[in-house]
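Working notes for the structure below.
In the working numbering, the protein residues as written are 235 to 712.
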C-alpha cells in the first residue's frame with residue numbers, strides 16, 4: 235500500500251499495489267486524463283502514474299490555451315462552422331502530406347463537438363481574445379487556460395474514483411509474448427511494481443531529454459529552449475521502441491516555434507511565444523532576412539519558425555518592427571528592445587548596424603503600396619525581393635523601432651510509436667499489441683509528420699485518449 239497526502243483536499247487515499255488494476259495510465263496530461271476518465275466511466279478500475287509532482291502535474295497540457303475541433307455551427311464561443319473537408323485541407327497543407335490520412339480523418343471526425351464532452355468533465359470555454367481572432371471560428375479557448383482545464387479534469391478523476399500517484403516515474407514495462415503485464419516505477423526513492431490488465435502510455439515525447447535531442451540535431455540542440463514540462467524525457471518511448479514497438483516519425487521533426495530568446499530553458503510556456511513575425515522582418519545574426527514572414531495566417535504557419543531559426547547560425551534570429559505594428563499582436567511576457575533608429579537598435583541587439591540598415595533599406599524599397607489588413611491576407615507585398623514578403627509588408631519607417639530576439643522553442647517531438655485506429659501500439663511485425671495503447675504526443679507523429687497548426691496537439695490527445703481509454707477498458711473487462 236502507498237498512502238498519498240493531498241494537501242489541497244486534506245484527504246488521504248491509497249493506491250493498492252497488491253491488486254491488479256483493469257487499466258494503468260502512464261502520464262498526467264490531457265491525453266492521459268481523457269483515457270483515465272473514459273476507462274473509469276466504462277466501469278474499469280484505473281490508476282494514473284504521473285512523473286511530475288502534484289504542483290507541476292499536467293505535462294504540456296497545462297501550458298495550452300485552446301483546442302481545434304470539428305463543428306457544424308457557431309456557438310457561444312465559436313464564430314462559425316468548421317467542417318471535415320476544411321479541417322483536413324488545413325492539416326494537409328501544414329504537414330505537406332506527411333500524415334496518415336486514415337488516422338488524421340479519424341481524429342477530425344472524432345473531434346466533432348468534443349467541446350461539449352470536455353465541458354461535461356469540468357472544462358470551461360471563453361471567446362477568443364484579442365490577438366487570437368484568426369482562431370475564433372476553428373478553436374475553442376479554455377477559460378483559465380490549460381492549467382484550469384487540467385485542474386478540472388483532475389477534480390473529475392478524483393470524484394469518480396481514479397487512483398492517482400504523483401512523483402511516480404515509470405522506468406520499465408514488463409511485456410511477455412507481446413502483452414503488457416506490469417510496470418516498474420520509482421516514487422520516494424523506492425521502486426514499486428504495479429500490475430494491470432491493460433496499459434495506456436500517454437507520457438509525452440522526448441523533447442526535454444537534451445541528450446536525445448542532440449542525437450537528432452547535433453550541436454544546434456544546445457541552443458534550443460524547451461517550452462513545456464521538463465518531465466517529458468521520453469523514457470517510455472525508448473522502452474516501447476526497445477521492446478519492439480514500430481517507430482513512426484522523424485526524430486528531427488517537432489512542434490517548434492520561435493520564442494523569446496530570454497525565456498527559461500524549461501517550462502516557459504505559451505507566454506514566451508512571439509506572434510509579431512507576420513508584421514516584422516526577421517533577420518539572422520548577420521542581419522539578413524531568410525524567409526517570407528507574411529506567407530500565411532500565423533496560426534497556420536507559426537510552427538515553421540522554430541525550425542527556420544534552428545537552421546540559422548547560432549540558432550538565433552531577431553524580429554524587427556516599428557511603431558505602426560507594436561499593438562497588432564499578443565505581447566510577449568518580455569518587453570521588446572527599443573531604440574529611436576535602426577542603427578541604435580542594431581547596437582542593442584549586437585548586430586552590425588550597417589548590415590541591418592542595408593537590409594531594412596532594401597526591404598523598404600521593395601514594398602509596394604497596398605491596403606493593409608491585419609485580419610486578412612492583404613495585398614501589401616514586396617516586389618523583386620528575395621525572400622519576398624507576401625502579405626502585411628509595410629516599410630519600417632516610423633520610430634521607435636523594436637526588436638525581439640528569437641530562439642527555437644521545442645513544444646513536443648514527433649518521433650513516436652505507431653498505432654492503429656483503436657490506439658493499439660503496433661509492433662515491428664505489424665501486429666498490434668492486444669493490451670498496450672498509446673495516446674497524445676507519444677503517438678502524434680502518426681498524424682503530424684511535420685508542421686503544426688494551433689490547438690491540434692490537444693485534439694490528438696483528446697481523441698486518442700478517449701479511444702485508448704475505451705479500448706483498454708474493453709480489453710480488461712469486456
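From the three backbone atoms N, C-alpha and C, an ideal C-beta is built for every residue, glycine too. Quick caveat: nothing in here was measured; it's all calculated off a predicted structure.
CA-to-CA distance, residue j to residue i, given in whole angstroms
i           : j           : result
residue 479 : residue 672 : 11 angstroms
residue 313 : residue 373 : 10 angstroms
residue 278 : residue 429 : 14 angstroms
residue 422 : residue 287 : 11 angstroms
residue 543 : residue 617 : 24 angstroms
residue 328 : residue 368 : 16 angstroms
residue 448 : residue 284 : 26 angstroms
residue 458 : residue 689 : 22 angstroms
residue 571 : residue 577 : 13 angstroms
residue 675 : residue 309 : 29 angstroms
residue 264 : residue 441 : 17 angstroms
residue 244 : residue 354 : For residue 244, the predicted model reports a pLDDT of 42, less than 50, meaning its position is unreliable and no value from the coordinates is stated.
residue 466 : residue 370 : 30 angstroms
residue 486 : residue 524 : 20 angstroms
residue 346 : residue 274 : 22 angstroms
residue 270 : residue 366 : 31 angstroms
residue 489 : residue 657 : 21 angstroms
residue 536 : residue 343 : 25 angstroms
residue 301 : residue 693 : 6 angstroms
residue 704 : residue 266 : 12 angstroms
residue 634 : residue 299 : 32 angstroms
residue 413 : residue 364 : 49 angstroms
residue 595 : residue 526 : 17 angstroms
residue 388 : residue 439 : 22 angstroms
residue 322 : residue 332 : 12 angstroms
Nearest-angstrom beta carbon gap, residue j and residue i [assumed within contact, 8 angstroms]
i           : j           : result
residue 280 : residue 256 : 7 angstroms
residue 632 : residue 556 : 5 angstroms
residue 695 : residue 268 : 7 angstroms
residue 648 : residue 462 : At roughly 14 angstroms, the Cβ-Cβ gap does not stay under 8 angstroms, so residue 648 and residue 462 are not in contact.
residue 397 : residue 249 : 5 angstroms
residue 491 : residue 451 : Not confirmed; about 16 angstroms, so no contact.
residue 666 : residue 660 : 5 angstroms
Residue i in three-state terms, based on DSSP
i           : result
residue 297 : helix
residue 518 : strand
residue 638 : strand
residue 176 : The chain is shown only over 235 to 712; residue 176 falls outside these bounds and no answer can be derived.
residue 255 : strand
residue 243 : Any reading at residue 243 must be qualified, since the residue scores a pLDDT of 41, below 50, and its modelled position is unreliable; no value is offered.
residue 661 : strand
residue 268 : helix
residue 383 : helix
residue 283 : strand
residue 373 : strand
residue 426 : strand
residue 403 : strand
residue 557 : coil
Burial state of residue i (16 or more Cβ within 10 Å)
i           : result
residue 609 : exposed
residue 663 : exposed
residue 520 : exposed
residue 395 : exposed
residue 514 : buried
residue 494 : buried
residue 292 : buried
residue 307 : exposed
residue 645 : buried
residue 476 : exposed
residue 317 : exposed
residue 685 : buried
residue 436 : buried
residue 546 : buried
residue 700 : buried
residue 246 : Residue confidence for residue 246 is low, a pLDDT of 45 falling below 50, so the modelled location carries little weight; the figure read from the coordinates is stated next. Label assigned to residue 246: exposed.
residue 501 : buried
residue 350 : exposed
Beta-carbon gap between residue i and residue j smaller than 8 angstroms
i           : j           : result
residue 553 : residue 510 : yes
residue 360 : residue 305 : no
residue 499 : residue 460 : yes
residue 590 : residue 580 : yes
residue 375 : residue 382 : no
residue 420 : residue 260 : no
residue 337 : residue 655 : yes
residue 453 : residue 254 : no
residue 641 : residue 601 : no
residue 624 : residue 528 : yes
residue 251 : residue 426 : yes
residue 341 : residue 681 : yes
residue 651 : residue 677 : yes
residue 562 : residue 417 : no
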